[in-house]
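Residue numbers (the working numbering): 912 to 1411. Beta carbons: idealized from backbone N, C-alpha and C, even for Gly.
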């Protein structure tokens, strides 16, 4: 949406400094700096073995592999509950083609809910194969009492934890005070750059293996480099530009290595639609291309402005005086939307990126003579209609609404979309999100991701620490991140984070 969503999750980062035997009871580690690994690969927990305690009925190891919960949310199947005095070991295998000696950095990602350390101590340990002992990684000192709190714990000298091709993490307590819950327990590894044609870096002519090129899937001789279009399920990066195309052309986007591009349906917003030849040229460079347009509002400079009856307009969008909300449920609005879909299909776009879905929650609740819940249903119905209409003409056409992830509560929503775009998940113009409803947005976006949908996360920041934070947290949640400026008037390439 056009309004920044602000959310803050308390983060405290810990560093490992002490090795210990089977009973890791020392408190001899310090709060460290942010353990941020650019271009990290995530190692999920594939097996969970209990030495003390049992896996509760209705829960599985899958609950540890994707962060979906925040605040005090309690969805039983999405986490694992560990009983008092329990101990369990997770095994995290390295991906195929990645060797232990190629890993240059590693960290443990955790999302914890349970007692604060002052009430009860839970510890995470890693198995050191060089000393045949458990090494303390951290404990719940970072966490708030009974609120989901995420952090990242460093694994220095990672090779000692990777012998045998996997990392073993043990989560345990010797206390009988209470249970604790984990929504995330993963290992993230950074692999050394290679120009020898390894799986993480295919050594293409344009890929010199520079320090800011960590050999991620989108910069490793992928279809994006080769001219074969990257598949929807393999999208790992994207760019988002709506204005200021140099000479009115898409050459800068075409020359980039992003897997996906979101561009305006109309070249300058008011006339001159992008042609099939121009979109084909982008796709020939391996990119998925989405056409941006609004479905809940219209700007005065749009070519369809004169076609919208005055009584269909509901007043200006806050902060955007040349833009009017519309009665998106009115049948007279559908020809405008249909015309935009037809244009996108004719130009060969892979799909559409739908803005101003938030209209349903920003206009008066009685705007349709009903209530807010009905407005939500009407917005989902419009998205579903778009999906049905477009796929009847091109079954591979993707539908990606932006923002309002709470619509996932409507049973008709997920079947109607192929992905979700989100703004301001972590940073809004270099200001940390700190409003409770932004936390809810992130949690609902995670539910969309857990359903197998692509989630594109756009944050607005320029400060390097904020950029790094957004990429790290977004990837940890399973989203595809991009950080740029709110004007969306350029292709931003963040060194070390975006494909070079």
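Simplified DSSP state of residue i, which is helix, strand or coil
| i | result |
| --- | --- |
| residue 1178 | coil |
| residue 1333 | strand |
| residue 1407 | coil |
| residue 955 | coil |
| residue 1145 | helix |
| residue 1012 | helix |
| residue 1248 | helix |
| residue 1415 | This structure does not reach residue 1415, given that the chain is present from 912 up to 1411, and the question cannot be answered. |
| residue 1150 | strand |
| residue 1375 | helix |
| residue 1023 | strand |
| residue 1217 | helix |
| residue 1289 | helix |
| residue 1319 | helix |
| residue 1201 | strand |
| residue 1338 | strand |
| residue 971 | coil |
| residue 1006 | coil |
| residue 1313 | strand |
| residue 1079 | strand |
Residue i - containing beta strand (DSSP E), residue span
| i | result |
| --- | --- |
| residue 1224 | 1224-1228 |
| residue 1069 | From DSSP, residue 1069 is part of no beta strand (DSSP E); its letter is neither H nor E. |
| residue 1039 | 1034-1039 |
| residue 1096 | 1091-1102 |
| residue 1050 | 1044-1050 |
| residue 1392 | 1391-1395 |
| residue 1234 | 1231-1237 |
| residue 1063 | 1060-1065 |
| residue 1211 | Note, residue 1211: premise wrong, no beta strand (DSSP E); not H, not E. |
When the options are compared against residue i, the one with the closest alpha-carbon
| i | options | result |
| --- | --- | --- |
| residue 1003 | 1100, 1377 and 1067 | 1100 |
| residue 1062 | 1042, 1020 and 1030 | 1020 |
| residue 1006 | 1098, 1289, 1059 and 1398 | 1098 |
| residue 1258 | 990, 1030, 1174 and 1013 | 1174 |
| residue 1023 | 1210, 1222, 989 and 1192 | 989 |
| residue 1179 | 1403, 1142, 1214 and 1195 | 1214 |
| residue 1102 | 1077, 1300, 1014 and 1351 | 1014 |
| residue 1027 | 1041, 1051, 1012 and 1009 | 1051 |
| residue 1212 | 1177, 1401 and 1223 | 1177 |
Range of the contiguous alpha helix (DSSP H) that encloses residue i
| i | result |
| --- | --- |
| residue 1193 | 1187-1195 |
| residue 1349 | 1347-1361 |
| residue 1273 | 1270-1273 |
| residue 1163 | 1162-1166 |
| residue 1327 | 1324-1327 |
Nearest-angstrom beta carbon gap, residue j and residue i [assumed within contact, 8 Å]
| i | j | result |
| --- | --- | --- |
| residue 1399 | residue 1152 | 6 Å |
| residue 1072 | residue 999 | The pair is not a contact, with the Cβ atoms about 17 Å apart (cut-off 8 Å). |
| residue 1302 | residue 1262 | Not confirmed; about 10 Å, so no contact. |
_Could you check whether the segment 1290-1298 touches the segment 1343-1356, counting it as contact only if at least three pairs of C-beta atoms, one from each stretch, sit closer than 8 Å?_
They do not touch, by the three-pair rule.
*asked:* When you compare the segment 1379-1398 with the segment 1353-1371, are there three or more beta-carbon pairs, one atom per stretch, that lie closer than 8 Å?
replied: yes
*On the three-pair Cβ rule with 8 Å, is the segment 1226-1241 touching the segment 1151-1171?*
no
*asked:* Any contact between the segment 973-993 and the segment 1046-1061? By contact I mean 3 or more CB pairs, one from each, below 8 Å.
replied: Judged by Cβ distances under 8 Å, the segment 973-993 makes contact with the segment 1046-1061, as three or more pairs qualify.
*Does the segment 1309-1322 come close enough to the segment 1358-1369 to have 3 or more Cβ pairs within less than 8 Å?*
yes
_Below 8 Å, how does it come out for the segment 957-971 and the segment 1029-1047: are there three or more Cβ pairs, yes or no?_
The segment 957-971 vs the segment 1029-1047: no contact.
*the segment 1327-1335 touching the segment 1278-1285, judged by at least three CB pairs closer than 8 Å*: Using a Cβ-Cβ distance cut-off of 8 Å, the segment 1327-1335 and the segment 1278-1285 are not in contact, since fewer than three pairs of beta carbons, one from each stretch, lie closer than that value.
_I want to know whether the segment 1217-1233 touches the segment 1192-1203 - three or more CB-CB distances under 8 Å._
no
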